[in-house]
Amino acid sequence: MGLQSMPLYDHSDRPDYIPRVGAVHDLCGYGKCSLGVAIPVISAAGCDVCPLPTGLFSSHTAFPVWHMLDTTDMMKPYIDAWEKVDIELDAVYSGFLGAPEQVESIQRLYADFPNALRIVDPVMGDNGKIYPTYSKELCDAMANLADGADILTPNLTEVSIILGTEYTGQNVSTEEVESMINMLRNRGAKNVIIKGVDREDGYLRNYVAGRNTPLTELIVEKLPVMLHGTGDLFCSCVTAAIMAGKDLETAVDFAGKFVHDAMIITLEQPNFMSRGISFEPLLGKVAALLA
């Protein structure tokens with residue numbers, strides 16, 4: 004296997020082993036995103052998904068009315084209980100956070116499981132806007148968490164928040180993307196995926212670069228709609244592919260195509276703009292990663 008195709012996670016020496024992934028995300032009752040996406044997608048890749056909820060939502064925050072239960076106070080005793088029953092994790096995959104203090108819980112998992120792969124989706128905003136539940140303190144805490152990631156998966160809005168730079172839109176050049184990735188890696192992220200570059204030519208571009216991966220551009224057709232939850236689905240697919248033993252470039256290519264195909268299915272569903280992305284009929288493609 005060449006240097007560029009080295010997987011970040013490999014249990015080929017134990018083919019019957021089921022990897023365990025700690026999924027630190029919120030849980031939404033309606034509007035498919037976060038744990039509602041991560042659990043089925045990563046499970047389909049043959050993993051044992053162990054959720055640690057960072058908040059409970061009635062629906063995602065794109066709805067005009069929603070209710071949130073902050074689970075920050077629950078997280079410490081939750082992890083305490085995990086320790087008492089000897090939980091082991093092979094990866095920690097984090098996303099949306101509800102409070103700055105929740106970063107401490109994720110860092111505790113890093114300390115408890117030092118060999119676990121650290122996958123950070125720094126969910127903070129999109130299209131130049133920060134999500135309504137995020138404060139400056141929470142954004143700063145998320146940026147600190149991103150610095151220690153084995154795999155970091157920001158969109159361009161989140162890149163600007165982490166780096167403290169101006170958001171200039173989705174149409175950025177390859178050279179600008181490479182500069183962003185270099186700055187993120189200089190801060191400590193080992194491998195970086197920047198998703199959703201849009202040059203308004205009918206295609207979306209995802210970029211990846213890291214320790215064993217030179218800057219690579221992966222292109223997918225752009226569909227004429229914006230759907231909530233696509234970022235969560237993309238990152239969950241990347242995680243699923245990585246835990247199935249795929250290299251980073253393959254994982255990003257798979258994730259982009261999977262989200263594209265799920266969006267096509269979604270457009271046929273009633274109330275799809277609020278319901279969220281419909282990926283369920285495609286889970287067999289995730290399971291096929293194990294073949």
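Just so you know, we're using my numbering here: the sequence shown kicks off at 4 and counts up by one. Even for Gly, the Cβ is constructed at its ideal location relative to N, Cα and C.
**OP:** Would you list, in sequence order, the uninterrupted alpha helix (DSSP H) runs of no fewer than 4 residues that lie entirely inside the stretch 144-196?
**Re:** 159-166, 177-190
**OP:** Return the CA-CA distance between Gly213 and Glu107, expressed in angstroms with no decimal places.
**Re:** For the purposes of this step, residue 213 is taken as the residue at position 210 of the sequence shown. For the purposes of this step, residue 107 is taken as the residue at position 104 of the sequence shown. For Gly213 and Glu107, the distance between alpha carbons rounds to 26 Å.
Subject >> Candidates Cys53, Ala146, Arg278, of which the one nearest Leu187 by Cα >> reply: Your numbering for residue 187 matches position 184 in the sequence shown. Of the listed residues, the one whose Cα sits closest to Leu187 is Ala146.
Original post:
Between Cys240 and the rest of its own chain, which residues show a CB-CB distance below 8 Å, the 5 nearest in sequence each way excluded?
Top reply: In the sequence shown, residue 240 corresponds to position 237, counting from 1. Within the same chain, Cys240 has close Cβ partners Val44, Ala254, Phe257, Ala258, Phe261, Val262, Val289.
Original post:
Ordered along the chain, which non-local residues of its own chain (more than five positions away) have a Cβ less than 7 Å from that of Gln105?
Top reply: Locating residue 105 in the sequence shown gives position 102, counting from the first residue. Hits under 7 Å: Thr57, Thr75, Met78.
**OP:** Could you tell me whether the Cβ atoms of Val126 and Leu148 are closer together than 8 Å?
**Re:** For the purposes of this step, residue 126 is taken as the residue at position 123 of the sequence shown. For the purposes of this step, residue 148 is taken as the residue at position 145 of the sequence shown. Against a cut-off of 8 Å, the Cβ pair of Leu148 and Val126 comes out as no contact.
Original post:
When DSSP builds the beta bridges, which residues end up paired with Arg23?
Top reply: Taking the sequence shown and counting its residues from 1, one reaches residue 23 at position 20. DSSP, once it has assigned bridges, lists Asp51 as partnering Arg23.
**OP:** Answer yes or no: does any C-beta atom of chain C fall closer than 8 Å to that of Pro284?
**Re:** Going by chain labels, chain C is absent from the structure shown, which holds only one protein chain.
**OP:** Assign Glu224 to one of three DSSP states: helix, strand, or coil.
**Re:** To locate residue 224, count along the sequence shown from 1; it is residue 221. If DSSP states are grouped into helix, strand and coil, Glu224 belongs with the strands.
Original post:
When DSSP builds the beta bridges, which residues end up paired with Gly58?
Top reply: Here residue 58 corresponds to residue number 55 of the sequence shown, with the count starting at 1. According to DSSP, which records beta bridges pairwise, Gly58 is partnered with Asp73.
**OP:** Can you give me the Cβ contacts of Leu59 inside the same chain, cut-off strictly under 6 Å, excluding the 5 residues immediately before and after it?
**Re:** Reading the sequence shown from its first residue, position 56 is the one you call residue 59. Leu30, Leu72, listed in sequence order.
Original post:
What is the rounded straight-line gap between the Cα of Met4 and the Cα of Ala144?
Top reply: Locating residue 4 in the sequence shown gives position 1, where the first residue counts as 1. Locating residue 144 in the sequence shown gives position 141, where the first residue counts as 1. Caution is warranted here: a pLDDT of 35 is assigned to Met4, below 50, making its placement in the model unreliable, and the coordinate value is therefore given only provisionally. One C-alpha to the other measures close to 37 Å.
Subject >> Close beta carbons around Cys238, own chain, < 6 Å, minus the five adjacent residues each side >> reply: For this step, residue 238 is matched to residue 235 along the sequence shown. Contacts found: Asp124, Thr156.
Original post:
When we look at the beta-carbon of Ala114 and count the other beta-carbons within 10 Å, is it buried (16 or more) or exposed?
Top reply: By one-based count along the sequence shown, residue 114 stands at place 111. Exposed, since its Cβ has fewer than 16 Cβ neighbours within 10 Å.
Subject >> Pro22, buried or exposed, once every other Cβ within 10 Å from all chains shown has been counted against 16 >> reply: Translated into the one-based positions of the sequence shown, residue 22 becomes position 19. Pro22 is buried by the Cβ-count criterion.
Subject >> Length of the line joining the Cα atoms of Val223 and Leu207 >> reply: Within the sequence shown, the letter at position 220 stands for residue 223. Within the sequence shown, the letter at position 204 stands for residue 207. About 5 Å.
Original post:
Any idea what DSSP makes of Thr216, helix, strand or coil?
Top reply: For this step, residue 216 is matched to residue 213 along the sequence shown. Here Thr216 sits in coil by DSSP.
**OP:** Determine the closest residue to Val27 out of Asp150, Ala94, Phe275, Ile184, with distance taken between C-alpha atoms.
**Re:** Translated into the one-based positions of the sequence shown, residue 27 becomes position 24. With distances taken between Cα atoms, Val27 lies closest to Ala94.
Subject >> Exposure of Leu6, with buried meaning 16 or more beta-carbon neighbours within 10 Å >> reply: By one-based count along the sequence shown, residue 6 stands at place 3. Note that Leu6 scores 41 on pLDDT, short of 50, meaning its location in the model is unreliable and no value can be drawn from it.
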